[in-house]
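To keep things clear, I will list the structure first and then write my remarks on it.
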Amino acid sequence: MSKATPAERLNERNKMSESQDEPWTVLRLLDWTTDFFKRKGSESPRLDAEVLLSHARECERIELYTAFAEEPDGEQRVAFREMVRRRGEGMPVAQLVGYREFYSSRFRVNEATLIPRPETEHLVVEALDCAKQFSVDRPLQVIDVGTGSGAIAISVVQNFDSVEMTAVDVSEAALKIAEWNAQKHEVADRIQFVQSDLLSEVEKPERFDIICSNPPYVSEAEYRELSPTVRDFEPRGALVSGPEGTEVIARLLEQAPDRLHAGGRLIIELSPMIADACQAMALADPAFGDLRFIKDLDGHRRILSLQRTDHSR
Ligand SMILES: C[S@@+](CC[C@H](N)C(=O)[O-])C[C@H]1O[C@@H](n2cnc3c(N)ncnc32)[C@H](O)[C@@H]1O
Numbered sequence: 088m089s090k091a092t093p094a095e096r097l098n099e100r101n102k103m104s105e106s107q108d109e110p111w112t113v114l115r116l117l118d119w120t121t122d123f124f125k126r127k128g129s130e131s132p133r134l135d136a137e138v139l140l141s142h143a144r145e146c147e148r149i150e151l152y153t154a155f156a157e158e159p160d161g162e163q164r165v166a167f168r169e170m171v172r173r174r175g176e177g178m179p180v181a182q183l184v185g186y187r188e189f190y191s192s193r194f195r196v197n198e199a200t201l202i203p204r205p206e207t208e209h210l211v212v213e214a215l216d217c218a219k220q221f222s223v224d225r226p227l228q229v230i231d232v233g234t235g236s237g238a239i240a241i242s243v244v245q246n247f248d249s250v251e252m253t254a255v256d257v258s259e260a261a262l263k264i265a266e267w268n269a270q271k272h273e274v275a276d277r278i279q280f281v282q283s284d285l286l287s288e289v290e291k292p293e294r295f296d297i298i299c300s301n302p303p304y305v306s307e308a309e310y311r312e313l314s315p316t317v318r319d320f321e322p323r324g325a326l327v328s329g330p331e332g333t334e335v336i337a338r339l340l341e342q343a344p345d346r347l348h349a350g351g352r353l354i355i356e357l358s359p360m361i362a363d364a365c366q367a368m369a370l371a372d373p374a375f376g377d378l379r380f381i382k383d384l385d386g387h388r389r390i391l392s393l394q395r396t397d398h399s400r
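Okay, so the sequence shown: first residue is 88 according to the working numbering, each after it adds one.
So, in structure tokens, the structure goes:
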């Protein structure tokens, strides 16, 4: 008899899972839930199932792999079933468990904050790379505009000692979460939190070495096409910029030169769809030079990085 292939073994395992009498082990719960989330259109059904089950069991996800044969107790099953139901209705996993991992740290999120995305880690890398290139004998002044959960500001502070960070958001509710995260990561004393429309309410410092921002950049038409998991659960104000998607970035490009030291950098996340338009806006301003794009893992232009080269402003 030939040895079963991995696919045959998987098939067999699935058939076994269908057995009525079989106990609801960790493995069986994961298989059933993965299949359910797949049918519901999740892009990462297995990962979703594992994150929710490890949350219900109050264990690390990796610990599930050595517990496949165990049967979660009644309380864990009830908690898991409720989260699976709500996930099936579209609620993001990060909101169900209350956090998302970003740049190797855990950030609390809720309905007031955008869930940090992996592509934003490219912005943090660019900010840290730029920070290392400054040769000043004082702490660098950095600002994160539209801080949301504080993911960018906190990650930069955690990974660069000599920095004084300002984190702003127009949303008071988001700022509260950002402050909570800063306290959790023990960096609250290095971050000034300001409620502000972009840079308008930020009085001090007058100028920064680095301005970074992941601003709203979705157009109204794109917003209507977003998956309900995003549109119905994440804050509209964190996503939508206006009819074109470029409006908030245009305002930031306008404000930034007067708030950057000569040689300072402006680093903005954007969507590849508006990369050309944003490049044209930036190049039209003689205050900016050394323009470069950083691509995301799909090869799309995702981060725009500019230098303030004009010494006259
Ligand atoms: C795309 S989210 C980014 C959140 C977070 N920085 C991240 O990368 O996960 C944009 C954030 O900008 C904030 N925001 C929107 N318009 C703003 C404005 N005019 N001034 C300041 N913050 C703004 C939103 O409240 C939201 O928290």
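Backbone N, C-alpha and C fix where the C-beta goes; we use that ideal spot for every residue, glycine too. Keep in mind it's a predicted model, so treat the numbers as computed, not measured.
- Your pair P315 and G177 checks out as a contact, with CB atoms roughly 5 angstroms apart and the cut at 8 angstroms.
- Taken through DSSP and simplified to helix, strand or coil, V229 comes out as strand.
- For T316, the distance from the CB to the nearest heavy atom of ligand 1 is not below 6 angstroms.
- When DSSP assignments are scanned along the stretch 96-180, no uninterrupted stretch of beta strand (DSSP E) that is 3 or more residues long falls wholly within it.
- Taking all protein chains shown into account, T153 has fewer than 16 neighbouring C-beta atoms within 10 Å of its C-beta and is therefore exposed.
- A straight line joining the alpha-carbon of S300 with that of S131 spans about 27 angstroms.
- Nearest neighbour of F221 by Cα position, chosen from I355, I297 and E150, turns out to be I297.
- In this structure, I278 has its CB at a distance of at least 6 angstroms from all heavy atoms of ligand 1.
- The C-beta distance from V232 to M252 rounds to 12 angstroms, too long to fall under 8 angstroms, and the pair is not in contact.
- At least one heavy atom of ligand 1 is found less than 6 angstroms from the C-beta of T207.
- In this structure, DSSP gives A325 a helical state, which the three-state scheme calls helix.
- Pairing V171 with L139, the inter-Cα distance amounts to about 8 angstroms.
- Taking a cut-off of 8 angstroms for Cβ pairs, the stretch 269-277 and the stretch 367-377 do not touch, as fewer than three such pairs fall below it.
- Between A254 and A275, the gap from beta carbon to beta carbon reaches 7 angstroms or more.
- Listed in chain order, the non-local C-beta contacts of R187 below 6 angstroms within the same chain comprise A181, F194, V196, I202 and P203, local neighbours out to five positions each way being set aside.
- Judged by DSSP in its simplified three-state form, D383 adopts coil rather than helix or strand.
- Residues F189, A238, I239, N301 and E356 of the same chain have their beta carbon placed closer than 8 angstroms to that of T207, with the five preceding and five following residues left out of the count.
- A distance criterion of 6 angstroms places the beta-carbon of T234 in contact range of ligand 1, judged by its closest non-hydrogen atom.
- Distances from the alpha-carbon of D118 to those of E145, A156 and E198 put A156 closest.
- Check the Cα spacing between I264 and each of C365, T200 and D383: the tightest is with T200.
- Minimum Cα-Cα distance from S236 among the listed residues D256, E290 and Q245 corresponds to D256.
- Inclusion of S258 in the 6 angstroms shell around ligand 1 follows from its C-beta lying nearer than that to a non-hydrogen atom of the ligand.
- Cβ-Cβ distances below 6 angstroms link S242 to Y190 and V211 in the same chain, with the five nearest sequence neighbours on each side left out; the list follows chain order.
- In this structure, DSSP gives A308 a helical state, which the three-state scheme calls helix.
- H142 and G350 have their C-alpha atoms spaced approximately 46 angstroms apart.
- Membership of S192 in any alpha helix (DSSP H) is not indicated; the residue belongs instead to the beta strand (DSSP E) covering S192 to R195.
- In the DSSP annotation of this structure, the continuous segment of the alpha helix (DSSP H) that includes M368 starts and ends at A362 to L370.
- S129 is positioned such that its CB atom lies no closer than 7 angstroms to that of D122.
- Counting along the chain, the unbroken beta strand (DSSP E) around V281 starts and ends at I278 to Q282.
- In the same chain as F380, and ignoring 5 residues on each side of it, the C-beta atoms closer than 7 angstroms to its own belong to A362, R388, I390 and L391, in chain order.
- Listed in chain order, the non-local C-beta contacts of P292 below 7 angstroms within the same chain comprise Q228, local neighbours out to five positions each way being set aside.
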